[in-house]
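Accompanying notes for the structure given below.
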Amino acid sequence: ALSDNGYSDLAYRLLQNDQYPSWLYPVDQGATTIWERLNGYTVEDGFSGNNSMNSFNHYSFGAVGQWMMAYSLGIKRDKPGYKHFILQPEYDPTGEMTWAKGYYDSMYGRISSAWKINNGTLTYTATVPANTTAILYIPAASADSVKEGGKPAAEAEGISFVRYENGKAVYELLSGSYEFISNLW
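Residue 50 is where the sequence shown starts when you use the numbering used here, and the numbers rise one by one after that.
Structure representation (structure tokens):
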């Protein structure tokens with residue numbers, strides 16, 4: 050809900066908070082799974098509280114994983130089975146997180162998405178599996194500032210420019226692997 054309403058900066062701050070209560074607190078305490086309760090263990094109280102409800106392998110707070118997939122990586126389904134999908138990565142506007150990398154294994158193959166920010170330049174790589182297409186929304190100062198394979202993205206093979214809106218260049222992508230370079234300002 051935060052990213053859908055223009056608050057990705059807050060979503061990233063919440064993601065990176067490692068103080069109790071937070072999603073990252075259990076990770077900082079050595080957790081390798083998602084706990085049912087944020088206070089399943091605390092330094093002050095140890096393993097106390099209502100132990101009848103204290104699973105240490107529980108997906109209740111796993112929505113953060115969905116947020117990372119759909120917003121940080123920007124992989125979203127548009128058609129059943131990811132026959133056509135959306136790539137709309139949202140880099141961390143706070144600047145704390147400077148890269149993200151991940152993938153989703155669809156029934157057509159692996160969809161990958163990775164971004165890195167360095168001195169106002171976004172490097173974005175993506176893979177669109179065989180027999181699928183994607184629409185890419187890439188943050189950019191202008192459509193002309195986006196390159197793929199060293200040339201203007203609109204001239205690259207497998208890429209069709211759609212429009213520029215709200216600080217993002219929009220492209221339709223055919224199956225393939227891509228590396229975009231975009232000037233953010």
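By construction, the Cβ of each residue, glycine as well, lies at the ideal position given by its N, Cα and C atoms.
All values reported here derive from a predicted model rather than from experimental measurement.
Exercise. For the beta strand (DSSP E) that A163 lies in, which residues bound it at each end?
Worked result: Counting from 1 along the sequence shown, the entry for residue 163 is found at position 114. Secondary structure note for A163: its beta strand (DSSP E) is the uninterrupted segment 158-167.
Exercise. Where DSSP assigns a beta bridge to T181, which residues make up the other side?
Worked result: Taking the first residue of the sequence shown as position 1, residue 181 is located at position 132. By DSSP's assignment, T181 forms no beta bridge with any residue.
Exercise. Is D77 helix, strand or coil when you go by DSSP?
Worked result: Mapped onto the sequence shown, residue 77 falls at position 28. Residue state, collapsed to three classes: helix.
For this session: Answer yes or no: do A183 and H133 have a C-beta to C-beta separation smaller than 8 Å?
Result: Locating residue 183 in the sequence shown gives position 134, where the first residue counts as 1. Locating residue 133 in the sequence shown gives position 84, where the first residue counts as 1. Yes, they are a contact pair.
Exercise. In chain order, what residues of the same chain lie with their CB nearer than 7 Å to the CB of E221, ignoring the 5 residues before and after it?
Worked result: Along the sequence shown, read from residue 1 onward, the residue named residue 221 stands at position 172. Excluding positions up to five away in sequence, the list reads T182, I184, S209, V211.
For this session: Can you check the region 103-128 for any alpha helix (DSSP H) of at least 4 residues that lies completely inside it and give the ranges in chain order?
Result: Fully enclosed alpha helix (DSSP H) runs of 4 or longer: 112-116.
For this session: Please say whether L233 and I189 have beta carbons closer to each other than 8 Å?
Result: Working through the sequence shown from its first residue, we reach residue 189 at position 140. Working through the sequence shown from its first residue, we reach residue 233 at position 184. Residue identity check: residue 189 is Ala in the sequence provided, not Ile. Taking 8 Å as the Cβ cut-off, A189 and L233 qualify as a contacting pair.
Exercise. Hey, quick one: how far does the alpha helix (DSSP H) through L63 stretch, first residue to last?
Worked result: Residue numbering aside, residue 63 sits at position 14 when the sequence shown is read from its first letter. Taken as a continuous stretch (DSSP letters only), the alpha helix (DSSP H) holding L63 covers 57-65.
Problem set entry | As assigned by DSSP and simplified to three states, the class of Y152 | Taking the first residue of the sequence shown as 1, we reach residue 152 at position 103. In the three-state scheme derived from DSSP, where H, G and I count as helix and E and B as strand, Y152 is classed as strand.
For this session: Please look up how many angstroms separate the CB atoms of K200 and F229, rounded, as I've assumed it's under 8 Å.
Result: What you label residue 200 is simply residue 151 of the sequence shown in a count that begins at 1. What you label residue 229 is simply residue 180 of the sequence shown in a count that begins at 1. Between K200 and F229, the beta carbon gap of about 11 Å keeps them out of contact (Cβ cut-off 8 Å).
Problem set entry | 6 Å CB neighbourhood of V219 in its chain, flanking five on each side removed | The sequence position of residue 219 within the sequence shown is 170, counting from 1. For V219, where only same-chain residues beyond five positions count, the Cβ hits under 6 Å are Y186, V211, R212.
Exercise. What are the residues that DSSP puts in a beta bridge with T174?
Worked result: Residue 174 sits at position 125 when you count from the first residue of the sequence shown. Answer is A163, E228.
Problem set entry | Collapsed DSSP secondary structure at Y140 in the structure displayed | As a working mapping, residue 140 is identified with position 91 in the sequence shown. Coil.
Problem set entry | Buried or exposed (CB count within 10 angstroms, at least 16 for buried), G123 | On the sequence shown, position 74 is the one that residue 123 refers to. By the 10 Å Cβ count, G123 comes out buried.
Exercise. How is the beta strand (DSSP E) around S209 delimited, first residue to last?
Worked result: The residue you call residue 209 lines up with position 160 of the sequence shown. In the DSSP assignment, S209 falls within the unbroken beta strand (DSSP E) covering 208-214.
For this session: Between the Cα of G207 and those of G198, Q65, P129, spot the shortest distance and give me the residue it belongs to.
Result: In the sequence shown, the residue the question calls residue 207 occupies position 158. Nearest option by C-alpha distance: G198.
Problem set entry | Residues bridged to P201 (per DSSP) | For the purposes of this step, residue 201 is identified with residue 152 of the sequence shown, where counting begins at 1. Answer is K196.
Problem set entry | Among Y74, A60, A192, S231, the one whose alpha carbon lies nearest that of D141 | Your numbering for residue 141 matches position 92 in the sequence shown. Here the closest residue by C-alpha is A60.
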